[in-house]
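Read the structure below first, then the notes.
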Amino acid sequence: MQGAGFQGPPAIVLDKVNKWYGAMHVLRDVTLTVAEKERVVVCGPSGSGKSTMIRCINRLETHQEGRIVVDGTELTDDIRALDTIRREVGMVFQSFNLFPHLTILENCTLAPIWVRKMPKAEAEALAMSYLERVKIPEQARKYPGQLSGGQQQRVAIARALCMKPKIMLFDEPTSALDPEMIKEVLDTMIGLADTGMTMVCVTHEMGFARQVAHRVVFMDRGEIVESGAPGELFENPRTDRLKLFLSQILRGH
Amino acid sequence: MSQSATAEHVPTAAREQMKIPGLGPWAWARSNLFGNWWSTAITLALGYLILRAVFGLVEWGLFNAIWSVPYSATGVPDTGVCQEAKGIGACWAVIADKYRLILFGRYPYDEQWRPAIVVLLFIGLYAVSAMRRFWRKDLILIWIGVLTVIGVLMYGGVFGLPLVTEDFWGGLPLTLILATFGLAFAFPLAVLVALGRRSTGLPAVKMLCVLYVELIRGVPLIAFLFMASVMFPLFMPEGVNVNKLLRAQIAFILFSAAYLAEVVRGGLQSLPKGQGEAADALGLNYWQKTGFIILPQALRLVIPPLVNTFIGSFKDTSLVLIIGLFDLLTMGKVALSDPPWQSFSTEVYIFLALIYIAFCFAMSKYSRSLERDLNRSRLR
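Below is the structure:
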């Protein structure tokens, strides 16, 4: 499944990963390799297991069979391996999940100070530089509740970047946003893509996929059905499932 | 006529404003209390009853009250005046005569300045803890310091203070000791139990916490105190003697913690799952996640039921009567056992109630302001 001409050492390897919720088989033999600096967009109908897969990569969900290797470390029950991986993998959620009782700046400095053991002043300078990059430095002293959804999601991106991760995971980052705010978040992500970050992004934003993805992966019913370069995949879907999905997406937009 | 003419020229917005009910107390009263003949009748009837009750109380408690009685040469109070005024006026002389016994119990009379200072120290400690600008790590040191001073003052035996063992402690200081030490230890324990009960990775810990909460909640506090006082010594090796106050205190801590743990668990459960996941994804470890993200939010959600439980626990201290500790309420009973004052229980209980109300009302008032302050930062 190595994608569309992108070569490099692997950053994430999923090898025959299986997962069940009780009797429900939510991931079926998922095998996927993401190379360093590669940008992969995962799409698929709801319930296809795409969020579950991305959440397995930093072990917010545990898989039951198969191997997941992130940045050379295999995900096991070993808590130290998990700590290493979570330090190197940033995640952005659909519902932002900012900490409402902390200011924007505190949201961004908490993990660098306590996990990276960075001095407070340094962490704040770093946070401000990332807040500037997502274009909201003036909100640093406010609380998340005072910001719009788009601004909150940009803070969430800045918060993840403050840990200087090697890999960024995005779990439907624009699905909870009002239409007029989607662009500001996508622009931020495009800006991030330009820096050469390894990215895995679950999204239905096909324009975004075309513009930044090296490879698009289509999932349905817990398995990877097709994958390939965005242009090729969208123009020439080989399976009926992808055709159906694309027609539904296009009708929806 | 000219008035109605002007009224017609009032701009619409202003006219709308005039129609809004509830502008000023009179408008409010007219629309809510005297809206129709039926509510007018109820208002008048209830108003009459309330006024009568208030006047009756003021007359009994203030105007017809007897504030002091003569004493015989041997120091026995002559309560004849009070007996005559019974039912017409309150006999506050009983409080004047007995307040030191009620407040400080059987603590040696000449040393009662010590428990008096202890009470003031407790109140000062509450006041300092209530102020948010003192919410720093030093506050724990202040607590340890003040509680040590309180222990030294009560117990004595050093710095030239005569030794007063806990058998002689009683009244308000005892109530405050039980409540303060009780909640100060019960609360952290409760947080741990609540966290343990929700832990997924440690089934043994979870079982233990569930067992603890369910067992203690299934037993009345009185039975629990009784066990601590009567049965516990039977299990101890001979010669080991844990004193009665300490046993009651531990029983009280364990009991309050079980209830508080359930309140805290409620807060933990009402937090969205995403908060913990975001903390995990950032690489925070369990205690960092719990301390920085989960607890600050969960506890703030449960301030009202938390304070509710605090108030309940504060009043529950009066149950130590059952194992022969002389808390505030018990001292009221003791004061009433003095023959001349036996028939003036109403006055004594009102006095006690006022003390309990003062503490409980302060707690509930503070909880409301705390809720407002803490929510302001996140909702504005």
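Sequences listed follow chains A and B, in order. So for the first sequence, the working numbering puts the first residue at 91; every next one is plus one. So for the second sequence, the working numbering puts the first residue at -6; every next one is plus one. The C-beta atom is built at its ideal place from N, Cα and C for all residues, glycine as well.
Measuring straight from C-alpha to C-alpha, what distance separates Gly49(B) and Phe56(B)?
Counted from its first residue, the second sequence places residue 49(B) at position 56. Counted from its first residue, the second sequence places residue 56(B) at position 63. Roughly 10 angstroms between the two C-alpha positions.
Considering only residues of the stretch 245 to 330 of chain A, which uninterrupted alpha helix (DSSP H) runs meet the minimum length of 4 residues and lie entirely inside it, listed in chain order?
Within the stretch 245 to 330 of chain A, the complete alpha helix (DSSP H) runs of at least 4 residues are 269 to 284, 296 to 302 and 320 to 325.
Tell whether a beta-carbon distance below 7 angstroms holds between Arg293(B) and Leu367(B).
On the second sequence, position 300 is the one that residue 293(B) refers to. On the second sequence, position 374 is the one that residue 367(B) refers to. Result yes, Cβ atoms of Arg293(B) and Leu367(B) sit closer than 7 angstroms.
Beta-carbon gap between Thr199(A) and Ala217(A) smaller than 7 angstroms:
Within the first sequence, residue 199(A) is the residue found at index 109, counting from 1. Within the first sequence, residue 217(A) is the residue found at index 127, counting from 1. Yes, Cβ-Cβ distance for Thr199(A) and Ala217(A) is below 7 angstroms.
With Met271(A) and Gly239(A) assumed to form a contact (beta carbons below 8 angstroms), what rounded beta-carbon distance in angstroms separates them?
For the purposes of this step, residue 271(A) is taken as the residue at position 181 of the first sequence. For the purposes of this step, residue 239(A) is taken as the residue at position 149 of the first sequence. In this structure Met271(A) is in contact with Gly239(A), their Cβ atoms being roughly 5 angstroms apart against a cut-off of 8 angstroms.
Can you say whether Val203(B) is buried or exposed, counting buried as having 16 or more other CB atoms within 10 angstroms of its CB?
What you label residue 203(B) is simply residue 210 of the second sequence in a count that begins at 1. Flag for Val203(B) reads exposed.
Who are the neighbours of Val205(A) on chain B, taking C-beta pairs under 9 angstroms?
Your numbering for residue 205(A) matches position 115 in the first sequence. Going along chain B in sequence order, the residues near Val205(A) (Cβ under 9 angstroms) are Leu275, Gly276, Leu277, Asn278 and Gln281.
Beta carbon of Gly312(A) nearer than 7 angstroms to that of Gly112(A)
Reading the first sequence from its first residue, position 222 is the one you call residue 312(A). Reading the first sequence from its first residue, position 22 is the one you call residue 112(A). No, they are not a contact pair.
DSSP three-state assignment for Ala66(B), whether helix, strand or coil:
Within the second sequence, numbered from 1, the residue matching residue 66(B) stands at position 73. Three-state result, Ala66(B): coil.
I believe Val74(B) touches Val62(B) by the beta-carbon criterion, under 8 angstroms. Please report the beta-carbon distance rounded to the nearest angstrom.
As a first step, residue 74(B) is located in the second sequence; it is residue number 81 there, counting from the start. As a first step, residue 62(B) is located in the second sequence; it is residue number 69 there, counting from the start. So it is a contact: roughly 6 angstroms between Cβ atoms.
Backbone CA spacing between Ala22(B) and Trp30(B) [nearest angstrom]:
Translated into positions along the second sequence, residue 22(B) becomes position 29. Translated into positions along the second sequence, residue 30(B) becomes position 37. Using only the alpha carbons, I get a separation of about 14 angstroms.
Spatial distance of Phe316(B) from Ser222(B) (CA atoms):
For this step, residue 316(B) is matched to residue 323 along the second sequence. For this step, residue 222(B) is matched to residue 229 along the second sequence. Residue 316(B) is actually Ile in this sequence, not Phe. One C-alpha to the other measures close to 6 angstroms.
Is Cys84(B) closer than 7 angstroms to Phe344(B) when the C-beta atoms are compared?
Within the second sequence, the letter at position 351 stands for residue 344(B). Within the second sequence, the letter at position 91 stands for residue 84(B). Against a cut-off of 7 angstroms, the Cβ pair of Cys84(B) and Phe344(B) comes out as no contact.
Between which two residues does the beta strand (DSSP E) harbouring Met147(B) extend?
Residue numbering aside, residue 147(B) sits at position 154 when the second sequence is read from its first letter. Unbroken run through Met147(B) is the alpha helix (DSSP H), Asp131 to Tyr148; no beta strand (DSSP E).
Among Tyr102(B), Arg210(B), Gly98(B) and Val69(B), nearest to Ala86(B) - alpha-carbon criterion:
By 1-based counting over the second sequence, the position of residue 86(B) is 93. Measuring from the Cα of Ala86(B), the nearest candidate turns out to be Val69(B).
Does the stretch 314 to 321 of chain A come close enough to the stretch 146 to 163 of chain A to have 3 or more Cβ pairs within less than 8 angstroms?
no
Flag Glu104(B) as yes if its beta-carbon sits less than 7 angstroms from any beta-carbon of chain A, otherwise no.
In the second sequence, the residue the question calls residue 104(B) occupies position 111. Output row for Glu104(B): interface = no.
Just how far apart, CA to CA, sit Glu364(B) and Ile296(B)?
In the second sequence, residue 364(B) corresponds to position 371, counting from 1. In the second sequence, residue 296(B) corresponds to position 303, counting from 1. Looking at the two C-alpha atoms, the distance is approximately 7 angstroms.
C-alpha distance - Thr278(A) paired with Lys106(A), whole-angstrom precision
Along the first sequence, one-based indexing puts residue 278(A) at 188. Along the first sequence, one-based indexing puts residue 106(A) at 16. Taking the straight line joining both Cα atoms gives about 33 angstroms.
Check: Gln290(B) C-beta below 6 angstroms from any heavy atom of the ligand FMN:
Among the ligands in the structure shown, none appear at all, so the ligand FMN cannot be discussed.
List, in chain order, every chain A residue whose beta-carbon is nearer than 7 angstroms to that of Ile95(B).
In the second sequence, the residue the question calls residue 95(B) occupies position 102. Ordered by position in chain A, no residue passes the 7 angstroms Cβ test against Ile95(B), which lies about 44 angstroms from the chain.
Below 7 angstroms CB to CB, which residues in the same chain sit around Leu122(A) once its five sequence neighbours on both sides are set aside?
By 1-based counting over the first sequence, the position of residue 122(A) is 32. Answer for Leu122(A): Met91, Leu104, Val307 and Ile314, listed in chain order.
Extent of the continuous beta strand (DSSP E) to which Met124(B) belongs:
Indexing the second sequence from 1 puts residue 124(B) at position 131. If you look at Met124(B), you'll find it isn't in any beta strand (DSSP E); DSSP assigns it neither H nor E.
From Ile247(A) to Thr288(A), what distance separates their C-alpha atoms?
Mapped onto the first sequence, residue 247(A) falls at position 157. Mapped onto the first sequence, residue 288(A) falls at position 198. Going by the C-alpha atoms only, they are around 14 angstroms apart.
Quick check: the stretch 195 to 213 of chain A against the stretch 271 to 289 of chain B, are at least 3 beta-carbon pairs closer than 8 angstroms?
yes
Determine, for Pro289(B), whether the minimum Cβ-Cβ distance to residues of chain A falls below 7 angstroms.
Looking up residue 289(B) in the second sequence gives position 296. Yes - at least one Cβ of chain A is within 7 angstroms of the one on Pro289(B).
Between Met181(A) and Leu259(A), is the Cβ-Cβ spacing less than 7 angstroms?
One-based indexing of the first sequence puts residue 181(A) at position 91. One-based indexing of the first sequence puts residue 259(A) at position 169. Yes, Cβ-Cβ distance for Met181(A) and Leu259(A) is below 7 angstroms.
Between the Cα of Ala177(B) and those of Val157(B), Leu132(B), Leu156(B) and Met200(B), spot the shortest distance and give me the residue it belongs to.
The residue given as residue 177(B) occupies position 184 in the second sequence. Out of Val157(B), Leu132(B), Leu156(B) and Met200(B), Leu132(B) has the C-alpha closest to the C-alpha of Ala177(B).
From Ile175(A) to Asp161(A), what does the alpha carbon distance come to, in whole angstroms?
Your numbering for residue 175(A) matches position 85 in the first sequence. Your numbering for residue 161(A) matches position 71 in the first sequence. Those two C-alpha atoms are separated by around 7 angstroms.
I want to verify the contact list: residues of chain A whose CB lies under 7 angstroms from the CB of Gly267(B), in sequence order.
Locating residue 267(B) in the second sequence gives position 274, counting from the first residue. Going along chain A in sequence order, the residues near Gly267(B) (Cβ under 7 angstroms) are Phe183, Ser185 and Asn187.
Cβ-based neighbour list, Leu322(B), same chain, cut-off 7 angstroms, excluding 5 preceding and 5 following:
The residue you call residue 322(B) lines up with position 329 of the second sequence. Cβ neighbours of Leu322(B) beyond the five flanking positions: Ser311, Leu314 and Leu345.
Would you say Arg177(A) lies against chain B (beta-carbon separation less than 7 angstroms)?
Here residue 177(A) is taken as the residue at index 87 of the first sequence, counted from 1. Interface residue, yes.
Other residues of its chain near Lys308(B): CB distance less than 8 angstroms, five sequence neighbours each side excluded:
For the purposes of this step, residue 308(B) is taken as the residue at position 315 of the second sequence. So the list reads Tyr349 and Cys353, once near-sequence residues are dropped.
Report the rounded CA-to-CA distance for Leu44(B) versus Lys326(B), giving the unit in angstroms.
Stepping through the second sequence from its first residue, residue 44(B) is reached at position 51. Stepping through the second sequence from its first residue, residue 326(B) is reached at position 333. Cα-Cα distance, rounded: 32 angstroms.
Would Ile246(B) and Ala172(B) qualify as a contact pair, given that the criterion is a beta-carbon distance under 7 angstroms?
As a working note, residue 246(B) is residue 253 in the second sequence. As a working note, residue 172(B) is residue 179 in the second sequence. No, they are not a contact pair.
Below 9 angstroms on C-beta distance, what does Glu270(B) contact in chain A?
The count along the second sequence starts at 1 and reaches residue 270(B) at position 277. Those within 9 angstroms of Glu270(B) in chain A are Arg145, Leu150, Met181, Phe183 and Asn187.
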